[in-house]
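**Q** First the structure, then my questions, so here it is.
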Amino acid sequence: MNRRQQIAILGSTGSIGRQAIDVVRQHADRFEVYCLTANNQVELLAEQAREMQPAAVVIANEEKYETLKQLLADQPLIKVYAGSRAICDVVQAEPIDMVLTAMVGFAGLAPTIEAIKAGKKICLANKETLVVAGQLINELSVQHRAPIIPVDSEHSAIFQSLVGEGDNPVEKLLLTASGGPFRNISHEQLQQVTCADALRHPTWQMGAKITIDSATMMNKGFEVIEAKWLFGIPADRIQVLIHPQSVVHSAVQFADGAVKAQLGVPDMRLPIQYAFTFPDRLHLQGERLDFFARPLEFFEPDMEKFRCLALAFEAIDKGGNMPCILNAANEVVNEAFRHDRCRFMQMADIIERTMQRATFCARPDYDTYIATDAEARRVAAEML
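Start counting the sequence shown at 27; every next residue gets the next number (my numbering).
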């Protein structure tokens with residue numbers, strides 16, 4: 027019998043992490059969790075550890091280390107660590123076959139780099155890694171022969187549509203977006219929306235940060251940047267389509283005009299499982315697509331109403347460390363909006379002004395990204 031694949035799940039208490047654990051449950055004969063990490067949710071992390079019995083768990087917030095130790099005191103076989111450095115160390119462990127990077131934000135960059143350097147297969151759900159440092163990540167992936175399989179539903183759809191196409195030329199990528207909760211409201215109405223309004227996503231169940239990014243459409247801007255690095259397609263050949271039903275997860279248009287798309291119900295377990303099992307497809311319990319349930323619609327995005335999407339295209343066009351500045355400012359205003367310290371329309375204003383003020387570098391290295399992230403966060407925070 028083949029040994030089970032060992033998986034490190036970074037961000038196991040988040041939406042992606044919890045669904046990844048469900049995939050492991052369904053295929054316990056094929057997969058085993060080697061490591062679980064979380065930022066703050068110490069009780070849920072301990073609960074997951076009791077069920078999955080990993081070799082190690084890491085809580086990023088060092089203040090919660092003693093709590094985690096106590097919660098797992100009767101589990102002597104599970105090693106307990108704390109801190110961001112520990113996450114970077116644990117992903118290099120020799121038994122690990124693949125690392126699911128489902129941490130939120132810039133914090134996912136360093137452990138992803140360490141996992142790549144260790145030659146691990148990367149199941150990439152942390153889009154900020156490629157947004158911030160796409161060129162560096164691609165170079166390291168080639169150097170260390172570490173494959174990167176996308177987990178975002180849109181990029182997984184493009185990846186699946188490209189399988190078997192070899193070197194056939196791609197004309198453009200069609201990146202779909204639900205349009206979020208504010209697709210049909212006016213620019214004036216957007217001035218009054220609250221965090222609670224923004225968190226009511228019409229089709230996907232996601233964490234708070236990414237749900238707000240979906241409402242501003244910054245999430246789709248990040249996905250354009252991510253697609254550029256994953257598939258080697260310039261941004262001017264990536265088209266965003268508003269598709270409220272979230273059935274067509276994305277598509278590829280080839281040189282002959284043919285379009286291949288991946289369709290399915292909005293269930294993140296499918297792209298997670300596909301990243302784990304590629305090129306195989308295994309049975310997945312869950313709802314199946316009903317083609318008669320509703321018509322499929324497509325609309326052009328309103329770049330004036332959703333300025334964050336326009337700013338993302340500007341950041342790609344500028345290149346260098348500008349996407350890093352964009353991401354850092356967005357993380358600051360996203361959190362501020364969730365805590366009622368910033369209005370919805372103010373987010374794009376602060377991001378744009380941060381992009382104008384933060385130090386631009388055309389050829390950044392890793393140290394530049396760290397410095398840029400810190401500077402842009404400071405600049406954005408000062409404007410709140």
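Where a beta carbon is used, it is the ideal one built from N, C-alpha and C, also for glycine.
On the DSSP bridge assignment, give the partners of residue 58 in chain order.
**A** When DSSP reads this structure, residue 58 sits in a beta bridge with 32.
**Q** Let me know the secondary structure DSSP gives residue 110 once reduced to three states.
**A** helix
**Q** Can you tell me whether residue 88 is helix, strand or coil according to DSSP?
**A** DSSP places residue 88 in the helix class (H, G or I) of the three-state scheme.
**Q** Quick check for students: name the residue ranges of the alpha helix (DSSP H) that lie wholly in the segment 153-205, counting only runs of 4 or more.
**A** 154-169 and 179-188
**Q** Can you say whether residue 132 is buried or exposed, counting buried as having 16 or more other CB atoms within 10 angstroms of its CB?
**A** buried
**Q** If we define contact as Cβ-Cβ less than 7 Å, is residue 95 a contact residue for chain D?
**A** Of the protein chains in the structure, only one exists, and it is not chain D.
**Q** Expressed to the nearest angstrom, what Euclidean distance is found between the alpha-carbon atoms of residue 285 and residue 200?
**A** 9 Å
**Q** For residue 212, is the classification buried or exposed, using 16 other Cβ atoms within 10 angstroms of its Cβ as the cut-off for buried?
**A** exposed
**Q** Rounded to whole angstroms, what is the Cα-Cα separation between residue 333 and residue 242?
**A** 8 Å
**Q** Can you tell me which of 255, 280 and 364 puts its alpha carbon nearest to the alpha carbon of residue 163?
**A** 255
**Q** Measure the beta-carbon distance from residue 324 to residue 269 and round it to whole angstroms, keeping in mind my assumption that it falls under 8 Å.
**A** 5 Å
**Q** Span of the alpha helix (DSSP H) holding residue 371?
**A** 370-383
**Q** Can you give me the C-alpha to C-alpha distance between residue 395 and residue 129, rounded to a whole angstrom?
**A** 18 Å
**Q** Assuming contact is defined by CB atoms lying nearer than 7 Å, are residue 113 and residue 84 in contact in what I supplied?
**A** Their beta carbons are under 7 Å apart, which means residue 113 touches residue 84 by this criterion.
**Q** Report buried or exposed for residue 275, applying the criterion of at least 16 other Cβ atoms within 10 angstroms of its Cβ.
**A** buried
**Q** Compare the Cα-Cα distances from residue 405 to each of 375, 77 and 303 and report the closest residue.
**A** It is 375 whose Cα lies nearest to the Cα of residue 405.
**Q** Could you give the DSSP three-state label for residue 278: helix, strand or coil?
**A** strand
**Q** State yes or no: is the C-beta of residue 279 within less than 7 Å of the C-beta of residue 146?
**A** no
**Q** Could you give the C-beta distance for residue 166 and residue 143, rounded to a whole number, given that I count them as a contact under 8 Å?
**A** 7 Å
**Q** Using only the alpha-carbon positions, how far apart do residue 22 and residue 46 sit?
**A** There is simply no residue 22 to check, as the chain begins at 27 and stops at 410 in what is shown.
**Q** Give me the Cα-Cα distance between residue 111 and residue 150, rounded to the nearest whole angstrom.
**A** 20 Å
**Q** So the candidates are 95, 377 and 192; which of them puts its Cα closest to the Cα of residue 348?
**A** 377
**Q** What do you get for residue 152, buried or exposed, if any count of 16 or more other CB atoms within 10 angstroms of its CB means buried?
**A** Counting Cβ neighbours within 10 Å, residue 152 comes out buried, since at least 16 surround it.
**Q** Can you give the Cα-Cα distance for residue 400 and residue 361, rounded to whole angstroms?
**A** A straight line joining the alpha-carbon of residue 400 with that of residue 361 spans about 16 Å.
**Q** Any idea what DSSP makes of residue 148, helix, strand or coil?
**A** It is a strand residue.
**Q** So, does the segment 335-354 touch the segment 366-373, judging by three or more C-beta pairs under 8 Å?
**A** No contact exists between the segment 335-354 and the segment 366-373.
**Q** Between the Cα of residue 204 and the Cα atoms of 173, 264, 193 and 322, which residue gives the shortest distance?
**A** 322
**Q** Got a sec, what are the start and stop residues for the beta strand (DSSP E) residue 127 sits in?
**A** 124-127
**Q** Quick check: the Cα distance between residue 27 and residue 310, rounded to an integer number of angstroms?
**A** Note that residue 27 scores 48 on pLDDT, short of 50, meaning its location in the model is unreliable; the coordinates nonetheless yield the value given after this. Answer to the nearest angstrom: the Cα atoms are 22 Å apart.
**Q** Name the DSSP bridge partner or partners of residue 63?
**A** DSSP lists 36 and 84 as partners of residue 63.
**Q** To the nearest angstrom, how far is it from the Cα of residue 179 to the Cα of residue 295?
**A** 9 Å
**Q** Any idea what DSSP makes of residue 265, helix, strand or coil?
**A** strand
**Q** Do you know how far the Cα of residue 54 is from the Cα of residue 389?
**A** 45 Å
**Q** Using the Cα positions of residue 96 and residue 38, report the straight-line distance between them to the nearest angstrom.
**A** 19 Å
**Q** For residue 358 versus residue 407, is the C-beta spacing smaller than 7 Å?
**A** Their beta carbons are under 7 Å apart, which means residue 358 touches residue 407 by this criterion.
**Q** Thinking just about the alpha-carbon of each residue, which of 140, 57, 118 and 252 is nearest to the one in residue 32?
**A** 57
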